[in-house]
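Numbering (my numbering), first residue to last: 2 to 248.
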Amino acid sequence: MTFKDHFSAHAAIYREARPDYPAALYDFLVEVAPANERAWDAGCGNGQASTDLATRFCEVVATDPSAEQIANAAPRPNISYRVEAAEQSSLATASVDLVCVAQALHWFDLARFHAEVRRVLKPRGVVAFWSYADCRVDARVDVQKNRLYRDLLGAYWPAERALVESGYASLPFPFERIKAPAIALRMDWTLEQFLAYLRSWSATQRYIRAREHDPVSLVESDLRTAWGDPLQARTVSWDFHLHCGRL
2 MTFKDHFSAH AAIYREARPD YPAALYDFLV EVAPANERAW DAGCGNGQAS
52 TDLATRFCEV VATDPSAEQI ANAAPRPNIS YRVEAAEQSS LATASVDLVC
102 VAQALHWFDL ARFHAEVRRV LKPRGVVAFW SYADCRVDAR VDVQKNRLYR
152 DLLGAYWPAE RALVESGYAS LPFPFERIKA PAIALRMDWT LEQFLAYLRS
202 WSATQRYIRA REHDPVSLVE SDLRTAWGDP LQARTVSWDF HLHCGRL
């Protein structure tokens, strides 16, 4: 593979376990975009953002270099899924109202991607990049989750993870900034849903490949004690960072 692929091997797990982005995010994006004719979801993964964009834009082009991720994407009549790198798309010049990147910008060659964005966006088109990092539940659950995140998996996170944890604060953004609203990212999950999310982490999967056992199992008993009733949904929240601009 010619790109950093941390998700193809567990694309189906990733599809089922990731949090959904809130409607407020998409409402804002369609409000600031110059039109709702076409959106490009670059680095779309399994199409998690693409399907919501498709309810607000006439057409969505969703690209990802991972054929396995695209194979696990949810089909919609107005989504065109393409196995393509974000830095070199098949989109026509000046053909897109909105370019968005959901939790994937840290994998891109930014200079080349920014050039591609400038090529495909219509005049006054909008770009939106967002990310979320570590999650919170409550003090007791967080202690056990942090054992996994930091102590067990610390060496297995790719270097790009630091960019996610910083909310992309250090990355260049060569566009006219649009003031973005505060977006709350929360999910009400049972314990099994939370455990599935922990197992969807790229670091968890890298640990499993390297050591041939599941690191989540090492904290699962204590997590179950901290959680309480496994069928009781708990609120899981993330810090959400949105960078939005205009060509």
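Heads up, the beta-carbon is just placed ideally off N, CA and C, and yes, glycines get one too.
Values in this document were obtained by computation on a predicted structure and should not be read as measured data.
- Item | Close-in-space but distant-in-sequence residues of the same chain around ALA181 (CB under 6 Å, 5 per side omitted) | In the sequence shown, the residue the question calls residue 181 occupies position 180. Here ALA181 has LEU243 and CYS245 as same chain residues with Cβ atoms under 6 Å from its own Cβ, once five neighbours each way along the sequence are excluded.
- Message: With the cut-off set at 8 Å, would you say SER201 and ALA18 are in Cβ contact?
- Response: Within the sequence shown, residue 201 is the residue found at index 200, counting from 1. Within the sequence shown, residue 18 is the residue found at index 17, counting from 1. Taking 8 Å as the Cβ cut-off, SER201 and ALA18 qualify as a contacting pair.
- Query: Can you tell me whether DSSP reads ASP223 as helix, strand or coil?
  - Reply: To locate residue 223, count along the sequence shown from 1; it is residue 222. Here ASP223 carries a helix assignment [DSSP, helix/strand/coil].
- Message: Here's a check: name, in chain order, each residue in its chain whose Cβ is nearer than 8 Å to the Cβ of VAL220, leaving out the five neighbours to either side.
- Response: Position 219 of the sequence shown, counted from the start, is the residue given in the question as residue 220. Correct list, in chain order: GLN145, LYS146, ARG148, LEU149 and LEU153.
- Message: Tell me whether the region 94-106 and the region 116-132 touch, counting them as touching only if at least three CB pairs, one residue from each stretch, are closer than 8 Å.
- Response: Yes: the two stretches touch, three or more of their Cβ pairs being nearer than 8 Å.
- Query: Can you name the start and end residues of the beta strand (DSSP E) that THR56 belongs to?
  - Reply: Sequence index remark: in the sequence shown, residue 56 carries index 55 (1-based). Taken as a continuous stretch (DSSP letters only), THR56 belongs to no beta strand (DSSP E), as it is neither H nor E.
- Task: Could you name the residues of the same chain whose beta carbon sits closer than 8 Å to that of GLU38, not counting the 5 residues immediately before and after it, in chain order?
- Result: Your numbering for residue 38 matches position 37 in the sequence shown. For GLU38, where only same-chain residues beyond five positions count, the Cβ hits under 8 Å are PHE58, CYS59, GLU60 and ASP98.
- ASN79 to HIS107, Cα distance in whole Å? Counting from one through the sequence shown, the residue named residue 79 turns up at place 78. Counting from one through the sequence shown, the residue named residue 107 turns up at place 106. Distance between the alpha carbons of ASN79 and HIS107 is about 27 Å.
- Message: Is the beta carbon of ASP65 closer than 8 Å to that of GLY46?
- Response: To locate residue 46, count along the sequence shown from 1; it is residue 45. To locate residue 65, count along the sequence shown from 1; it is residue 64. Going by C-beta atoms, GLY46 is nearer than 8 Å to ASP65.
- Message: Considering only their Cβ atoms, is the gap separating SER132 from VAL165 smaller than 8 Å?
- Response: As a working mapping, residue 165 is identified with position 164 in the sequence shown. As a working mapping, residue 132 is identified with position 131 in the sequence shown. Taking 8 Å as the cut-off, the beta carbon of VAL165 is found closer than this to the beta carbon of SER132.
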